[in-house]
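Throughout the sequence shown, residue numbering follows the working numbering, covering 121 to 1435 in sequence.
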Amino acid sequence: MTKKMSISTSKTSLVLFLCQIISALDVPLDLSQPPTITQQSPKDYIVDPRENIVIQCEAKGKPPPSFSWTRNGTHFDIDKDAQVTMKPNSGTLVINIMNGGKAEAYEGVYQCTARNERGAAISNNIVVRPSRSPLWTKEKLEPNHVREGDSLVLHCRPPVGLPPPIIFWMDNAFQRLPQSERVSQGLNGDLYFSNVQPEDTREDYICYARFNHTQTIQQKQPISVKVFSMDSLNDTIAANLSDTDIFGAKPVTERQPVLLTPTGSTSTKVELRGNVLLLECIAAGLPTPVIRWIKEGGELPANRTFFENFKKTLKIIDVSEADSGNYKCIARNALGSVHHVISVTVKAAPYWITAPRNLVLSPGEDGTLICRANGNPKPSISWLANGVPIAIAPEDPSRKVDGDTIIFSHVQERSSAVYQCNASNEYGYLLANAFVNVLAEPPRILTPANKLYQVIADSPALLDCAYFGSPKPEIEWFKGVKGSILRGNEYVFHDNGTLEIPVAQKNNAGTYTCVARNELGKIQNEVQLEIKDPTMIIKQPEYKVIQRYGQVSFECIIKHDSTLLPTVTWLKDNDELPDDERFLVGKDNLTIMNVTDKDDGTYTCIVNTTLDSVSASAVLTVVAAPPTPAIIYARPNPPFDLELTGQLERSIDLSWLPGDENNSPITSFVIEFEDALHEPGVWRYQTEVPGSQTTAQLKLSPYVNYAFRVIAVNRIGRSQPSEPSEQYLTKSASPDENPANVQGIGSEPDNLVITWEPLKGFQSNGPGLQYKVSWRQKDVDDEWTSVIVANVSKYIVSGTPTFVPYEVKVQALNDLGYAPEPSEVIGHSGEDLPMVAPGNVQVHVINSTLAKVHWDPVPLKSVRGHLQGYKVYYWKVQSLSRRSRRHVEKKILTFRGNKTFGMLPGLEPYSSYKLNVRVVNGKGEGPASPDKVFKTPEGVPSSPSFLKITNPTLDSLTLEWGSPTHPNGVLTSYTLKFQPINNTHELGPLVEIRIPANESSLILKNLNYSTRYKFYFNAQTSVGSGSQITEEAVTIMDEAGILRPAVGAGKGYSEILFATSPVMHTVRPTFYKVQPLYPRIRNITTAAAETYANISWEYEGPDHANFYVEYGVAGSKEDWKKEIVNGSRSFFVLKGLTPGTAYKVRVGAEGLSGFRSSEDVFETGPAMASRQVDIATQGWFIGLMCAVALLILILLIVCFIRRNKGGKYPVKEKEDAHADPEIQPMKEDDGTFGEYSDAEDHKPLKKGSRTPSDRTVKKEDSDDSLVDYGEGVNGQFNEDGSFIGQYSGKKEKEPAEGNESSEAPSPVNAMNSFV
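See the structure below:
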């Protein structure tokens, strides 16, 4: 833990300043003056009868006063009593008791009078009484026999002493008896038991009375208490009764509370203002009652209420008349409650409001003595002159008594006297002496000449100029030999002549001259001021954890003013360091050798100079040798013991003690404040100080009821807030600031709305906050028009001209005055719509989509408001290519400020537009300029709306397209480019065809069969070509199975033969490698049965895609059902379908931004009538099927052997033998259609084969193999084209993109169709 303390010089300076204010009222003792009582004994003077009685009475005056005494109202002749003497040059009496005198003989009321030729001062009435500590009267005390659970009161009844004794209960061993909620001592000294227990049995309950004045203790005789428990009581009864008697004491029973003191339901209490109010309630009951206190019709006073004696005593300190009322104590336990109401009346002995003060006047001057006091009841005021009632005192023509005031007019030297003011009521009196001294004296300065003042920079500097003179001199201060008089906020001039520099800086050093002058003369005095640099600890000692027997060092490096000699002192636990040679104090460090457990503690480095003192502390923790316990770091504990000192009107000093920093040094303290007057319960940030600082001077605002709390911050976090400090209410003052954000903005054309941010509660500085709102028309009105309003933040001025400038200001004021003069702001009355449209609107078309518009600005007077800019409205009238009108959608562009041109982007080419321009102010838009027509030139067209490829044949494809949605001009032609793509995604030669603009379809002939082509299609205007649309399509397989010689057969292409026209030409046939377009899912194929369907597709895209199939009833609005495909296979079986139902289906890929295929539609087969006998379960049928399957297998083997020898497979015969190839059975082992497989090892044939886009052709594979036809291999019979399209289950549906394709079934399906 590290903390830093600073002993500020400002506090000592403040004490000195207050002393100077008092001494400034004193008349120098070398001048004539009436007597002044400087010291006297207290009014109620209790003396020790064993010692001499000393009754004090000291006074000063010129000439020195003589003293006399009265006793019990008559003159006390001390010369006649040998036991009484008066001290030389003093009025103090000494009564000799130790040499035979008796104190009782000198009891009485004494009063001292000090007198000289200028008047007489008198002391208070001093009541002298010897203290008494009588013995206890002897009494016979009977033992107390109590049943367990009953209540008990042990009476003390101490002897009446003077002053009253302090009571406490002890045992024979002089140990205090333990007290609790059950057993406690009352205010009268009695010991109360709410219920007794067996452990309360004892013989030595002793009440003691301590008489502090005589230092004696009196003891009451011991009291015996015997508690009988129920068990022992029953045993006693049983021993004394026969077996036939019915006996037995009742068990301990619980009972509701009963008040032991006070008795009854109500009582009264009178207490004097300023005293401590003590109210008491003690209750009996079982279980022990709990006491609670409330004030009827109000709250117990905060910060002055305390509970003592286990809440049985309510204590309110410093009571006032506001504390009068009914106080209720409630005693409660589980069985019920009882209460008592104490009616409290607070009376008041007289107390000063304005005590009379000494008055020094010059001959002919006027003055007043004021004596004002209050009390309850109201005290009476009486005046005495030189100790004699003023009614019978010698008359003085310059004196006039007016109640509590004496008025002096044109005084003369004989008017000097001492006046006494007596304020008294039935509860006491006040007596004050104040003299009137008539003198004619030139000024004199009492401060020594050339006195040197040294202060620390940034601290207050107080330069004395103690003075005296009659009449009272005027004081002026100068700096330097020929300096001008000091004025301004930089200095504070006190009534006693002191010059204060609140924050002294280096440039304030120098010579200062104080000049005092009155009509009798002038005098001056010079003093010197030096400003020193503050002493700082620039490297403070830090928290240390050291192992036992180790060595530790604390640093304390300081920086100080070179002219000051610092001394460094080290303390341990705020005491001197141990006298041990292990402690080595260096210049800037403390080293401890061979550390022991006793060295654990707080070490403080204190640096003192003659002007300031700073200190810093650190904690040393000594731990055992390894293992070292882990240090737990936590937020600091909250600070405590907050104290407010140095209360001034605009500042206060707050100090606190830091809580435990929990092994992490405190870095800062955050100070918050609460304004209980305006925002109770709301805590706001005040300031933040370094963690080494435990005091702060806080700036205050007037009329705020402050309470402060402190939060400690370390590396871990913030502590809980401390307990709030005591409250401090600052005095009211006029506002320091005016409302912020003052604006003048009209809401209507004929008004001005003046708005401002109202001051917050703590900014008001006093009650009655209001605002003075002032305005005048700029450059027109000379006089301000003002109005005072309250509780609002705006004011509306009506009947103003439209949009003219006004000067506006808002000044805060309260009951104590006005804030400083506010600054003026320029506002404007309300705006109206502009009157004039912009003229000379011109449009310059830059290109087909961009135009620039120009206009002339409107005159500023016609704007009638703040010019915000211009709005351009423009809209398309028609397209010049289509000559068709459509709904007009106006577009708006806003150009800020006084801009006179702007660009119109996003225009459509080859279109006719209109526009107009309007000026805009804060009210709205002005009239529109005449519509301006302009046209945009042609541009390039958009892409054709669609490209669809249909009717594929062996060597031709039909292309259909739609014209561009946005032709952007007159179409001149279309351009079609296409090229073949082989199985390795290489592009063949590019062919380009120019097509007239009036065409919408084209048949391409002389194409290669079973070949994929890629097409590029775009439209042209006279400006150029538009964006293109692409598509792919495939010609079908040659059904004749005759292969023509192919050009570039090694690349998988055959020659394309077609006749060229004047608009057709070929491109150089160069092949190059391209990547396929992906991701793409296409060519969805469905083969449906009665309750299931086999879905297959082609996929082009990244490897390892995860597919899913979505399906639903066609035409239904139900959500799609989703099935996840296992692995990366390109087929899936949908099961559980409804027979005879049309379904929609689509395929998607996970992780590809939601990419899906187009939809396809299929229909399940009709429901089959059920048979009576399941033939599949008949043995003869199973045997027959096995034989047929074996024969087919043999036949297929023979066919393959023949094919390898060049033979042909009789496909056509098999096709004719099977009428319905669409309905194909599923395989029994995996439930898939025979023509699809989930194996990834594909073995396609080479010649003319169509490989799916996500597979590659492996040239090293055999051209003919049983693997190509086996189950689980997705092979296709396309070596000679014999199987293509023959066993496809796909219905003839046109794909969404206008493409179609066919899938070749596997041989297994062909075999299954034979069954």
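In this text, a Cβ means the ideal position worked out from N, Cα and C, and glycines have one as well.
- If only complete runs of 3 or more residues are kept, the stretch 1096 to 1152 shows the beta strand (DSSP E) at 1111 to 1116, 1121 to 1124, 1132 to 1140, in order along the chain.
- Taking the Cα of Arg755 as reference, the smallest distance to any Cα among Asp516, Thr787, Glu1210 is reached at Thr787.
- For Ser852, there is no enclosing beta strand (DSSP E), as DSSP gives it neither H nor E.
- Close CB contacts of Val1281 within its chain, under the 8 angstroms cut and outside five residues either way in sequence, are with Ala1234, Ala1262, Tyr1263, Lys1264, Val1265, Lys1413 (chain order).
- Boundaries cannot be given for Ser314, as no beta strand (DSSP E) includes it and DSSP labels it neither H nor E.
- Out of Leu1013, Lys972, Asn315, Thr567, the CA that lies nearest to the CA of Arg375 is found in Asn315.
- In the three-state scheme derived from DSSP, where H, G and I count as helix and E and B as strand, Lys200 is classed as helix.
- Shortest Cα-Cα distance from Leu397 to any of Ser457, Ser344, Ser463 involves Ser463.
- For Val930, the beta-bridge partners assigned by DSSP are Val893.
- Here Val956 really is in contact with Gly1046; their C-beta atoms are around 7 angstroms apart, less than 8 angstroms.
- Two segments are said to touch when three or more pairs of C-beta atoms, one from each, lie closer than 8 angstroms; by this definition the stretch 293 to 300 does not touch the stretch 377 to 394.
- Spatial neighbours of Glu877 in its own chain (CB-CB distance under 6 angstroms, excluding positions within 5 residues in sequence) are listed in chain order as Pro859, Ala860, Asn861.
- When Cβ pairs closer than 8 angstroms are counted between the two stretches, the stretch 637 to 649 is seen to touch the stretch 590 to 599, the count reaching three or more.
- The stretch 896 to 913 and the stretch 960 to 969 do not touch, with fewer than 3 CB-CB distances between them shorter than 8 angstroms.
- Between Leu1074 and Ala1153 the beta-carbon gap is near 13 angstroms, outside 8 angstroms, which marks them as no contact.
- Cα atoms of Trp189 and Gln231: separation of roughly 6 angstroms, rounded to the nearest angstrom.
- DSSP places Lys981 inside the alpha helix (DSSP H), whose first and last residues are 980 to 983.
- About 20 angstroms separates the CB atoms of Val345 and Ala403; that is not less than 8 angstroms, and the two are not in contact.
- Contact check between the stretch 1080 to 1090 and the stretch 983 to 997: fewer than three CB pairs, one atom from each, fall below 8 angstroms, which does not count as touching.
- When C-alpha distances from Gly445 are compared across Ile414, Val247, Ile215, Ile437, the shortest belongs to Ile414.
- Secondary structure of Phe923 (DSSP, three-state): coil.
- Judged by beta-carbon spacing, Asn478 lies within the 9 angstroms limit of Phe555, meaning their Cβ atoms are closer than that value.
- Under the three-state reduction of DSSP output, Val623 falls in the coil class, being neither helix nor strand.
- Nearest C-alpha to Val809 among Leu818, Trp803, Gly801, Val802: Leu818.
- In this structure, DSSP gives Gln883 a helical state, which the three-state scheme calls helix.
- Setting aside the 5 residues that flank it on each side, Ala744 is surrounded in the same chain by Gln667, Arg668, each with a C-beta closer than 8 angstroms to its C-beta; the list follows chain order.
- Per DSSP, reduced to three states, the secondary structure at Tyr226 is helical.
- Per the coordinates, the alpha-carbon of Val635 lies some 28 angstroms from the alpha-carbon of Leu731.
- Between Val531 and Pro154, the C-beta gap is not smaller than 9 angstroms, which leaves the two residues out of contact.
- The three-state secondary structure of Gly495, taken from DSSP, is strand.
- With contacts defined as CB atoms closer than 9 angstroms, Gln341 and Glu259 qualify as a contacting pair.
- In the DSSP assignment, Leu272 is bridged to Phe313.
- Annotation for Pro148: Arg564, Leu566, Phe588 place their beta carbon closer than 8 angstroms to its own, counting only its chain and skipping 5 residues before and after.
- Cβ neighbours of Ile510 within its own chain (closer than 7 angstroms, five residues either side excluded): Trp503, Leu504, Val521.
- Residue Lys182 holds the alpha-carbon nearest to the alpha-carbon of Asp150 among Gly384, Glu224, Lys182.
- Between the stretch 217 to 228 and the stretch 273 to 289, the count of C-beta pairs closer than 8 angstroms stays below three; the two stretches do not touch.
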